[in-house]
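A short write-up of the structure that comes next.
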Amino acid sequence: MSEVSYLEAKELTLEDYEEFVKEEGFNPRQAIAATFEDSVLMMKKSNKVYVSVMAKLSILSLNQNFIPDYLLEKQEDLQKLEGLSEDEQSAYNLDMNNLNQLLRNRNFEVDKDEEYKSRVKMLLK
């Protein structure tokens, strides 16, 4: 099986999130956490996928005026991605610009959950 591209990971993340909201009836906060957990194995296999998923989840949550603490704390990790194809690089640049603008706007609340943050650390080991 070939490696999942940045664009594929981004699309899979959005599809997963939308499925949790529309089909499972999750609210955005629940859907972000569920999508994160569904993506962990895929993220552990590739830094490109990790960055794509974390950026997409961050953007999705910020568009709902919140961001989980475990995503906010990983923002610096998202700024370091190399070796992308031209299409991936373009999408990555757009995502980083969008994400950075949303963060600069400061129009969000940080969801803090120390217990879940510990779970995230354990899942990403």
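For reference, each letter of the sequence shown is one residue, going 21 to 145 in our numbering. Ideal Cβ positions, reconstructed from N, Cα and C, are used throughout, including at glycine.
Counting along the chain, Val-24 sits inside no beta strand (DSSP E), nor does DSSP assign it H or E at all. Assignment of Asp-133 by DSSP, reduced to helix, strand and coil, places it in the coil class. One thing to note: Asp-107 has its Cβ within 8 angstroms of the Cβ of Leu-27.
Across the structure, Met-62 and Tyr-70 are spaced so that their CA atoms are roughly 8 angstroms apart. Under DSSP, Ile-52 takes part in no beta bridge, so it has no partner. Around the Cβ of Leu-114, a 10 Å sphere holds fewer than 16 other Cβ atoms; the residue is exposed. When the Cα atoms are used, Glu-96 and Met-116 turn out to be separated by approximately 11 angstroms.
Shortest Cα-Cα distance from Asp-89 to any of Asn-47, Val-140, Lys-65 involves Val-140. Residues of the same chain with a CB within less than 7 angstroms of the CB of Leu-91, apart from the 5 flanking positions on each side, are Met-74, Leu-77, Ser-78, Ser-81 in chain order. Within the model, the alpha-carbon separation for Lys-137 versus Ser-110 is close to 31 angstroms. Nearest neighbour of Asn-67 by Cα position, chosen from Pro-48, Asn-127, Leu-98, Glu-57, turns out to be Leu-98.
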